[in-house]
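S.K.:
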Amino acid sequence: MDITLREHKVQEDAEAAEYLARITGLSKSKIKDAMTKGAIWLNSNAGTRRLRRARHRLKESDRVSVYYSEKVLDTNPPVPSMANDCEEYSVWIKPVDLLSGGSRYGDHCTINRVVEKIMGRPTFLVHRLDRFVWGLMVLAHSKKAAADLSTQFQNRETRKVYKAVVHGVITDPCTISVPIDGKDAVSHIQPITQGCERSLIEVKIETGRKHQIRKHLASIGHPIVGDRQYGQPDEKGIQLASVALGFKNLDGIAVEYQLSKDLEPSLNS
-14 MDITLREHKV QEDAEAAEYL ARITGLSKSK IKDAMTKGAI WLNSNAGTRR
36 LRRARHRLKE SDRVSVYYSE KVLDTNPPVP SMANDCEEYS VWIKPVDLLS
86 GGSRYGDHCT INRVVEKIMG RPTFLVHRLD RFVWGLMVLA HSKKAAADLS
136 TQFQNRETRK VYKAVVHGVI TDPCTISVPI DGKDAVSHIQ PITQGCERSL
186 IEVKIETGRK HQIRKHLASI GHPIVGDRQY GQPDEKGIQL ASVALGFKNL
236 DGIAVEYQLS KDLEPSLNS
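The sequence shown begins at -14 in this note's numbering and counts up one residue at a time.
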């Protein structure tokens, strides 16, 4: 069952779950589940945000939106593995299919919400990794850490290294600087080994545009193995991972994390 209700003007002051159950025909338990998973939005004088508290008092001046999709809400997110916990931030290994950002239909399948439940403390997203890519991500657990880390990513002060298996043979290092969506984008390619018309490469990026590595490699005729959007699908999925992540901690000390070798892409993957 799918129910969409956009910018409904609240008709009376009432408890959120009770009111929404009445106007949608959904049970209160389903409304509460949708709230917890981020599928219900509140537009009030304070701005627009996800409405999560079932007992929140709605006012007549409020507007609510419901994006109820059973398929989305019934999805169970994969669980990430923690690489390190440094109190104000933690480093995780994101699995394939765990999202970096939610949609209007919910955010319970995002890494920050999953980690928030695991850790039991506030969790803030400071950078992104494509849904089908696995590997290292850092998450903040305070507003101070979130602001500091976000600034480092925005100012290109972090070190991000990826490994990928691509179609074709790449023997020479190269730099790809093809703009993406009208914005500058730079990827540095370093070949590691070759075999069976495929190459294992290391990629360092200066910018973080959406699908940057995937688009750049496809643009030079070497799409990533398993990339159904920019190349050809493969039953093993896309062979691209975030293998090293470096930044400065809150004390200004440079730190770097490495993905274990057995989790990296390889020509035998």
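Each residue gets a CB set at the ideal place from its N, CA and C atoms; glycine is no exception.
Could you name the residues of the same chain whose beta carbon sits closer than 8 Å to that of Lys13, not counting the 5 residues immediately before and after it, in chain order?
M.R.: Mapped onto the sequence shown, residue 13 falls at position 28. Spatial neighbours of Lys13 in its own chain (CB-CB distance under 8 Å, excluding positions within 5 residues in sequence) are listed in chain order as Ala2, Glu3, Ala6 and Ala39.
S.K.: Extract the residue ranges of the alpha helix (DSSP H) inside the stretch 108 to 164, only unbroken runs of 4 or more that lie entirely within it.
M.R.: 128 to 139
S.K.: Would you mind stating whether Arg106 and Ser85 have Cβ atoms separated by less than 8 Å?
M.R.: Taking the first residue of the sequence shown as position 1, residue 106 is located at position 121. Taking the first residue of the sequence shown as position 1, residue 85 is located at position 100. Not closer than 8 Å, so no.
S.K.: Using 10 angstroms around the beta-carbon of Glu249, count the other beta-carbons present and answer buried if the total reaches 16, otherwise exposed.
M.R.: Indexing the sequence shown from 1 puts residue 249 at position 264. Per the 10 Å Cβ criterion, buried.
S.K.: Helix, strand or coil: which one does DSSP assign to Arg183?
M.R.: Looking up residue 183 in the sequence shown gives position 198. Looking at Arg183 - three-state DSSP - the assignment turns out to be strand.
S.K.: Please state whether the Cβ-Cβ distance between Lys189 and Ile165 is less than 8 Å.
M.R.: Within the sequence shown, residue 189 is the residue found at index 204, counting from 1. Within the sequence shown, residue 165 is the residue found at index 180, counting from 1. No, Cβ-Cβ distance for Lys189 and Ile165 is not below 8 Å.
S.K.: For the alpha helix (DSSP H) that contains Asn28, what are its first and last residues?
M.R.: On the sequence shown, position 43 is the one that residue 28 refers to. That residue, Asn28, is in no alpha helix (DSSP H); its beta strand (DSSP E) goes Ile25 to Ser29.
S.K.: To the nearest angstrom, how far is it from the Cα of Leu83 to the Cα of Gln243?
M.R.: Along the sequence shown, read from residue 1 onward, the residue named residue 83 stands at position 98. Along the sequence shown, read from residue 1 onward, the residue named residue 243 stands at position 258. Straight-line Cα distance between these residues: approximately 20 Å.
S.K.: How would you write the range of the alpha helix (DSSP H) that Asp18 sits in, first residue to last?
M.R.: The sequence position of residue 18 within the sequence shown is 33, counting from 1. Run containing Asp18: Lys13 to Thr21, per the alpha helix (DSSP H) assignment.
S.K.: Pop quiz: Val49 and Leu58 are said to be a contact at Cβ under 8 Å. What is the actual Cβ separation, rounded to whole angstroms?
M.R.: Taking the sequence shown and counting its residues from 1, the one referred to as residue 49 is at position 64. Taking the sequence shown and counting its residues from 1, the one referred to as residue 58 is at position 73. Incorrect: roughly 17 Å between the Cβ atoms, too far for contact.
S.K.: Helix, strand or coil for Tyr4, going by three-state DSSP, please let me know.
M.R.: On the sequence shown, position 19 is the one that residue 4 refers to. In the structure shown, Tyr4 sits in a helix (DSSP, three-state: H, G or I).
S.K.: Within the 8 Å Cβ cut-off, does Gly167 reach chain C?
M.R.: No chain C is part of this structure, which consists of one protein chain only.
S.K.: DSSP state of Asp(-13), grouped into three classes?
M.R.: Locating residue -13 in the sequence shown gives position 2, counting from the first residue. DSSP, read as helix, strand or coil, puts Asp(-13) in strand.
S.K.: How is Asn97 classed by DSSP in three states: helix, strand or coil?
M.R.: Taking the first residue of the sequence shown as 1, we reach residue 97 at position 112. Here Asn97 sits in helix by DSSP.
S.K.: Would you say Val146 and Ile223 are within 8 Å of each other, going by their C-beta atoms?
M.R.: Position 161 of the sequence shown, counted from the first residue, corresponds to residue 146. Position 238 of the sequence shown, counted from the first residue, corresponds to residue 223. No, these two residues do not count as a Cβ contact at 8 Å.
S.K.: Indicate the three-state DSSP secondary structure (helix, strand or coil) for Gln243 in the structure shown.
M.R.: What you label residue 243 is simply residue 258 of the sequence shown in a count that begins at 1. It is a strand residue.
S.K.: What does the Cβ neighbour count give for Cys71, buried or exposed, with the cut at 16 atoms within 10 Å?
M.R.: Counting from 1 along the sequence shown, the entry for residue 71 is found at position 86. Classification of Cys71: exposed, given that the 10 Å Cβ count is below 16.
S.K.: Output needed for Pro62: all residues of its chain with C-beta closer than 7 Å, excluding positions within five of it in sequence on either side, in chain order.
M.R.: To locate residue 62, count along the sequence shown from 1; it is residue 77. The answer, listed in chain order, is Leu83, His93, Cys94 and Val99.
S.K.: Could you pull out every residue in the same chain whose Cβ sits closer than 7 Å to the Cβ of Tyr74, ignoring the five residues on either side in sequence?
M.R.: The residue you call residue 74 lines up with position 89 of the sequence shown. Closer than 7 Å at the Cβ level, and outside the excluded window around Tyr74, lie Val123, Leu124, Ala125, His126, Ala130 and Leu134.
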